[in-house]
Every structure is written in structure tokens, then in C-alpha cells.
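In the working numbering, the protein residues as written are 64 to 495.
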């Protein structure tokens, strides 16, 4: 089925539109690591033979994205698993929410599937491996259980994890709920439990469940320097979008079929393929691309610490730059999801570099941009010319929750963000 760009534009308002509060997320400091003893693997038949890839999908449809979840599950079945590539899904559904979907018998709860090849895009034919009842898809501990369970039953030379749901970058989903959070919200919002998985908790989950080779953050506004830095030790490469994402993008079948045809490909090639199939899908869409701006990038996480060092040097120098140069860059830099505080990092640095008279700052800016394009971002696609694959926080009012991130603890961008807010923004937000 071909969807128009206008349809996707309408869906944007649904993809990143809900807010939640959570008791589980009042966690500070980070909890102790979950051991394998605490998460037993259920009694199951003998585990499968070792594959080249096991691709894990954590699909949270327990919100207004349930219809999209069902469509994407059917897309996975167009590719299906084989002896070399295993596709395993944990998916949650519920009733009575906005966008409730009645398809496939209107089952509710959380199920695990081994995805089987099937050409029927209207119903799910894959075998149900487990029915988990009302498990919390907004719990990082549930994510750990899923990864551990999958790795134990479907071992592979390489692992990919796809996090599928609403996303909001490093921030709480809405400023109205920010005061209720003691943690940085970011992903997998479960309407039934009121829980969600934060940026920090995603890192805890991968710490406890073990590193994956490729991580896809399939949600809005997740391609942020601070988010990627938090996850740097737990994946080789990550893909995400700077921009809000359409509710449905018919592309899973394409890049998984490429993996099935070439199961020995490495993580970077797999990641690049997910970006190029995203590009190809939208390039072939009818309608005005300006109605539904989309982005997708693949980032090499092994390079992000070196990149942070270069950006730190630039940030310290930029705080001494001409105020009018910084203010103009803040006003003109590309923003995402209608959030004026999420700006394309490259474009922001580029604007400052072009306007400053400080030769040293120009040199530092050129080094940041060069490293980002040649070393850090290995593939990028956007429908505009100013989105370069990585966004950054440039606030009007600095949120102290940003201090909790490793990006702030290890680097200097938090100091620059505070400087920009104090110089050109509103008074700092105070959390009680």
C-alpha cells in the first residue's frame, strides 16, 4: 500500500504527542547490575543453532501507535527469519487508548515471536513463543529480560536491537511533566503502566544485557549527541532520526531482505542499508517533501568520545565569541520536531564559523565539522540540506536534568548550553 506524504505529516502529531509519569523512574543513582541469576531463562526447547545475526525488535504498541506496530510487524514477516538471520520480536498491545487497533483478533498484552516469512500484510502468521500477559513495555528491566532471553535461545555471531516507539530525545516528552521526573525520559512509553524508558535506563539495560553490534532507535528525535554518548559503550553503530518520524515507514522488509541475502555483512553495512532504504522509500513517495521532513543517520559510536573532545574545545572558545554571532546562529540553526532547543549540531557550528572573525574559532569549527562528516556520521539522509545527522541541546532555559547525562559529566557542552541560556534565553528551569 502506498501512503501519501500528507498522511505521514498528519501522523507526526501522533508519534510524539503523549506524556507520562512513573514511579519506577525515580531511580537515582544507577541501580546495581542485574545478574543472570535474577533473570532466569524460562524452560524452553533446546536453543537454536548459532546464526550470523539475531535481530531483536522491542515494539511497544501500548499507546497511540498500536496500528503502526501491527503494520510494521507485518512488514517484518515479508522478510522473515532463516537459518542465518533470526528476527525475534517482543510486542505489546492494549485496548481503549487513542488509536486502538482491532486487527489480528484484538489480542492484548505482550507477546514474543520468531518472525516467519509470510506475504499476507493484513494478519500476523508468525508463531507466538511466549505470552507475557501485561508485562511493562516501559520498563528497562523488561528490556533486559527480552535481550537476555533472546540471546540465550537464539545465539548469533552478531546482534541487532531495534527500539520501536515514541521518542523524545533526551528530554521528558512534554515540559508539563518535566517536574515529575527525576530522570531523563526518552523512549518506549507504555500507556497502560504509565512508565517509559529513559536515556539513562537504555544504557543500564544494555550494560546489564550485554553489548549489541547494531542499535536502531526507531522513534522521534533520538539522533542526539547526548543520547548517543550515553550508549557509546554498548553498540558499534547506531541509527536514529534527528526529526520526528512518520507513524509508518514501509522499509523493514527491504533492509532485512538485504541482510537475509548477505548474512555475513558487518554492523556498519547493515546500518548504512537501513538509512539508504529509508531514503529510497521517501524519494519514491508522491507528494510535497516539505510537508513531511524526514531524516535518518548512522553514527559510529567508537568515534563519539574523540568527537566530544573536539566539540569541547570549540565550545570553550565559542563562549568568548561575538555575542551577535552566537545569537544569530541560535536563531537560524535547523531545529527538529518544532522544538527550538534541538538544533542540528553541524549547522549550528557552521553558522558560527562562517560569521565569527576569530581565526582560532574558525579553525576549531572546521575541525568539528570535518570530523563529524568524515569519521562520526557514516551515512546521512535528509530532505533538506542543513540536517547532518546529529542534533544537540541549545536551550532557552537550561534544564538541570541535563546534568545527569554522561555527555554533561564528561564534556563541556553543558557549560556552553548554560552560557547560551543565560546570555540569550529565559531563566533556568528549577526542579523541585
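Even for Gly, the Cβ is constructed at its ideal location relative to N, Cα and C. Remember, predicted model here, so these are calculated numbers, not experimental data.
Span of the beta strand (DSSP E) around residue i
i: residue 415; result: Segment 408 to 418 is the alpha helix (DSSP H) holding residue 415; no beta strand (DSSP E) there.
i: residue 226; result: 219 to 227
i: residue 442; result: 440 to 445
i: residue 342; result: Here residue 342 belongs to no beta strand (DSSP E); instead the alpha helix (DSSP H) covers 330 to 346.
i: residue 427; result: Residue 427 -> not in any beta strand (DSSP E); alpha helix (DSSP H) instead, spanning 422 to 434.
i: residue 172; result: 172 to 177
i: residue 261; result: 258 to 261
Span of the alpha helix (DSSP H) around residue i
i: residue 358; result: Taken as a continuous stretch (DSSP letters only), residue 358 belongs to no alpha helix (DSSP H), being part of the beta strand (DSSP E) at 358 to 363.
i: residue 210; result: 203 to 216
i: residue 195; result: First-last for residue 195: undefined, no H or E at that position.
i: residue 478; result: 476 to 487
i: residue 469; result: 469 to 473
Any non-hydrogen atom of the ligand FMN closer than 6 Å to residue i Cβ
i: residue 198; result: Among the components modelled here there is no ligand, and therefore nothing to report on the ligand FMN.
Between the CA atoms of residue j and residue i - distance to the nearest angstrom
i: residue 406; j: residue 301; result: 19 Å
i: residue 363; j: residue 186; result: 36 Å
i: residue 331; j: residue 277; result: 8 Å
i: residue 64; j: residue 184; result: Legend: pLDDT at residue 64 = 41, less than 50; position of this residue unreliable, value from coordinates given subsequently. Rounded to whole angstroms, residue 64 to residue 184 spans 10 Å at the Cα level.
i: residue 306; j: residue 474; result: 24 Å
i: residue 242; j: residue 462; result: At residue 242 the pLDDT is 40, less than 50, meaning the model places this residue with poor confidence; the figure from the coordinates comes in the next sentence. Going by the C-alpha atoms only, they are around 10 Å apart.
i: residue 451; j: residue 408; result: 8 Å
i: residue 374; j: residue 173; result: 42 Å
i: residue 147; j: residue 258; result: 35 Å
i: residue 195; j: residue 449; result: 44 Å
i: residue 333; j: residue 383; result: 42 Å
i: residue 460; j: residue 280; result: 27 Å
i: residue 404; j: residue 139; result: 35 Å
i: residue 376; j: residue 478; result: 12 Å
i: residue 297; j: residue 167; result: 35 Å
i: residue 476; j: residue 182; result: 48 Å
i: residue 411; j: residue 387; result: 14 Å
i: residue 269; j: residue 130; result: 28 Å
i: residue 85; j: residue 211; result: The pLDDT assigned to residue 85 is 39, lower than 50, so where the model puts this residue is not dependable; a value taken from the coordinates is nonetheless given after this. Residue 85 and residue 211: Cα-Cα distance of roughly 24 Å.
i: residue 317; j: residue 342; result: 12 Å
i: residue 102; j: residue 454; result: Because residue 102 sits at a pLDDT of 37, beneath the cut-off of 50, its placement in the model cannot be relied upon, and the following sentence gives the value as read from the coordinates. The alpha-carbon atoms of residue 102 and residue 454 are separated by roughly 36 Å.
DSSP bridge partner residues for residue i (one or two, in chain order)
i: residue 450; result: According to DSSP, which records beta bridges pairwise, residue 450 is partnered with nothing at all.
i: residue 456; result: 405
Cutoff 7 Å: residue i Cβ touching any chain B Cβ
i: residue 400; result: Within the model displayed, chain B is absent; a lone protein chain is all it includes.
Review point. Is it true that the segment 419 to 437 meets the segment 480 to 488, where meeting means three or more beta-carbon pairs spaced less than 8 Å apart?
Key: The segment 419 to 437, when compared against the segment 480 to 488, does not touch it at the 8 Å Cβ threshold.
Practice item. Give, in chain order, every unbroken run of the alpha helix (DSSP H) that is at least 4 residues long and sits entirely within the segment 368 to 404. Key: List check, alpha helix (DSSP H) in window: 386 to 395.
Practice item. Pick out the complete alpha helix (DSSP H) segments inside the segment 104 to 157, 4 residues or longer, and give them in chain order. Key: Within the segment 104 to 157, the runs of alpha helix (DSSP H) at least 4 residues long that lie entirely inside it are, in chain order, 129 to 142.
Review point. Fully enclosed by the segment 272 to 318, which beta strand (DSSP E) runs are 3 residues long or longer?
Key: You should have 275 to 281 and 298 to 303.
Practice item. Flag this pair as touching only if the segment 358 to 372 and the segment 414 to 424 have three or more C-beta atom pairs under 8 Å; answer yes or no. Key: With the cut-off at 8 Å, the segment 358 to 372 and the segment 414 to 424 do not touch.
Review point. For the 8 Å Cβ check, are there 3 or more pairs between the segment 129 to 147 and the segment 321 to 329?
Key: Taking a contact to require three or more Cβ pairs closer than 8 Å, the segment 129 to 147 and the segment 321 to 329 qualify as touching.
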